[in-house]
Structures are given as structure tokens and as C-alpha cells.
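Inspection log for the structure reproduced underneath, given as C-alpha cells.
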Amino acid sequence: MAENITNKDIVKEENLVYKKTDLLTDKALSYCPGCGHGTAHRLVMEVVEELEAQDKTVGIAPVGCSVLAYEFMDIDMQQAAHGRAPALATAIKRLYPEKYVFTYQGDGDLAAIGTAETIHACNRGENITIIFVNNGIYGMTGGQMAPTTLPGMRSSTSPYGREVASMGNPLKITELVAQLPGTYYVTRQAVHTPAAVRKAKKAIKKAFENQKLNKGLSFIEIVSNCNSGWKMTPNQANQWMVDNMFPFYELGDIKVPEE
Amino acid sequence: MAKVKGSIVVDIEKCKGCEVCVPACPTDVIQLAEEVNGKGYHYAYMANPDACIGCANCAIVCPDGVITVYKKKVDK
């Protein structure tokens, strides 16, 4: 019998296992092929769908590659000035405390121009969720060196590799905000393999649930690739990320609340 | 013994041919097509459809969410 089963028999509504969530719009994502942003967008929207919070969620789009996030996420979105997403999220959450409020930021937005807003929002312990996508460079503007660029890592403004003596050290902002008493849950995840994606989704869900329980700020870093900026194919970039990014930006929970 | 057979449907015009789904597949079902879509990308397709177990790993890692997965139990 099994031999006679054709694809037509399997591809039926009742056999559906997985499809893209309806909370992502049908627009084609503006990201480069293989970019982790698409997966991160989908995870956030899947969590919102599971919480049945489409009309109770406000997202803050940053400046950077994900500046058009409001085009792809079918929820209420607000565009912030460069780096100011946590400040805007603070205001929205204080005005609408019953809403889920999250910011979605890259490393140039969160760890460079928005460092002050990030640190003070974390220190105040605002009851929001920050999703931080870290790819180690400024992806949108052409792969320039960012505060998160690894020592020795090549970028368009450090073509011979980042030299710590003249260009400074990379910034582990996630470890930094974990020191602050205001943060409740701080974790670092990735989205390059199915297992990593499942773990990242659990972390995002936990962060949104913390918000519902008024626990305080949850900070989720997603270490991602930038294959265009790194001048690699997507799979090479993912491998490079495993070999080079993960030893420095170690995955896992950094601050877990005591039950 | 009941056996599970899976199948995927790729939204060809939205696939960017990034190839991230290829190593994610535990049974080596997916490959990139020789042909290209309207944007010029070699899209993903089921090169070995009989081996698909409907685990949805490809759809979970797909950055553009173009893969839909179906699964059916079949009697041997």
C-alpha cells in the first residue's frame, strides 16, 4: 500500500504539520537569502500567535536591516528613531500596561547608538521584552565594524581584521545588562539549526510570559549570521558563526530568575 | 506496521535558494533545483520525496518561511 501513496494524498489540509504563521504578512521578506532575521521574525510571531495576543501586542521596529519589520509582522508596530526603541517601549508599556511590548533590534541599533537607552531601560527594569539580533557588523550599511565585531574579524572598515589595540574590544552587552538588578531574564540563543530554533522559541515565549506576570525586563540575544556582510554563502556563514562567534558569545541562559 | 510519510510544498516564487534547509534535512530529501524562479534563485525542491518523514526541520529553519509540511500515517 505504501508505494501507492502519492504526494497528492499527503498534501491535504488534515495532514498539515507546519506552515508559516498567518501573523507574518504575505510580503516577501526584504532580507538577504539565509539571513537569521526571517527566522527570528517568525519565532516572535509564532509566540504571539500561541499567546493569542495579536491585538494585544505592540512591537517596536528599529533602524537597521529590520527597519521594515512592521511590513512583515501583522501586529501593531511603531518605528523608533535609531537606537531609541527601549525608550519608546517604556512609554508604550507605561501607557498600555496590559499590552505585550517588545523591541526588535540589531547590534548597531542596540549596542552602538542605543547603548544608553538599552542600559537605562534595563536598569529601570521596565516590564518589556528586548529581542537583540547580533551579527557582529552593521549589515544594512555595507558590513562596517560594529561594537560587537570579534577581534580579528574582517569587515569593510577593518579589512585586515579588528585590531584590539587601535579599534577596541568587542562589547558583550548581554553580559553587561545581566549585571543590572532591573533585568529579570537574560539569555543568548541562535537560529541556525532546527534544535537552536526550538530553544530560541522557548526563550522568547518565556520572555513574553514574564511580561504577562509583570516580572520585569527580559532580554534575548539571538546570535545570527550576515552572509552578505561576511562575504560567505549562508551555510558557510552559519558554520563560521559556530566556529568563531559561539566561543566568544556563548549560547545559553545568562540570568535565570530564581523560582 | 504503520509508517509515516511526509511531503513538503515550497512557495517557489518566495524561495531565495539560501540552501539552509538542505543540511537541516535528516533524510537528505531537499536539494536546489537546476531551474530558477522569477527572481533568478535556484529554489528548493524534493529531490528524494520517498524519504521524507515530515519532521518539519526544513520549515523550522527556513528564514523566509516558504516551506509547508504535511505528514500522513500509512499502513505497510
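Line order of the protein sequences matches chains W and R. Residue numbers for the first sequence follow this note's numbering, beginning at 33 and rising by one. Residue numbers for the second sequence follow this note's numbering, beginning at -15 and rising by one. All residues carry an ideal CB built from backbone N, CA and C; glycine is no exception. Every value quoted in this text rests on a predicted model; they were computed, and no experiment measured them.
Cross-chain neighbours of THR225 of chain W in chain R, by beta carbon under 7 Å = ALA8 and VAL45
query = For ASP285 of chain W, which of helix, strand or coil comes out of DSSP?
reply = strand
query = In chain R, what lies closer than 7 Å to ASN267 of chain W by C-beta?
reply = GLU3, VAL4 and PRO7
query = Using the rule of at least 16 other Cβ atoms within 10 Å of the residue's Cβ for burial, across every protein chain shown, is SER256 of chain W buried or exposed?
reply = buried
request  = Following the continuous alpha helix (DSSP H) through GLU82 of chain W, name the residue where it begins and the one where it ends.
outcome  = 68 to 82
request  = Answer yes or no: does any C-beta atom of chain W fall closer than 9 Å to that of ASP12 of chain R?
outcome  = no
query = So the beta strand (DSSP E) ALA93 of chain W belongs to, where does it begin and stop?
reply = 89 to 93
message = Please report the straight-line C-alpha distance between PRO260 of chain W and VAL58 of chain R, rounded to a whole angstrom.
response = For the sequence presented, residue 260 of chain W should be read as Ser rather than Pro. The straight-line gap from Cα to Cα measures roughly 43 Å.
inquiry  = So, at 7 Å on beta carbons, what are the nonlocal neighbours of PRO279 of chain W in its own chain, with the 5 sequence-adjacent residues on each side left out?
reply    = none
ask   = For THR219 of chain W, does the count of other Cβ atoms within 10 angstroms reach 16, so buried, or fall short, so exposed?
value = buried
ask   = Just checking my contact of PHE240 of chain W with TYR132 of chain W at CB under 8 Å: how many whole Å lie between their CB atoms?
value = 6 Å
ask   = Taking the alpha carbon of PRO7 of chain R as the point to measure from, which residue in W:ILE252, W:THR225, W:LYS237 and W:LEU55 has its own alpha carbon closest?
value = W:THR225
Beta-carbon neighbours of LEU55 of chain W, restricted to chain R and to distances below 8 Å = What LEU55 of chain W touches in chain R: nothing, since even the nearest Cβ is about 11 Å away.
message = Against chain R, with Cβ distances strictly below 9 Å, would CYS64 of chain W count as a contact?
response = yes
key: GLY146 of chain W beta carbon less than 9 Å from that of ALA117 of chain W   = yes
inquiry  = Can you tell me which residues form a DSSP beta bridge with HIS152 of chain W?
reply    = Beta-bridge pairing links HIS152 of chain W to no other residue.
inquiry  = Assuming the contact rule is C-beta atoms closer than 8 Å, CYS42 of chain R and CYS5 of chain R should be a hit. Round their C-beta distance to whole Å, please.
reply    = 4 Å
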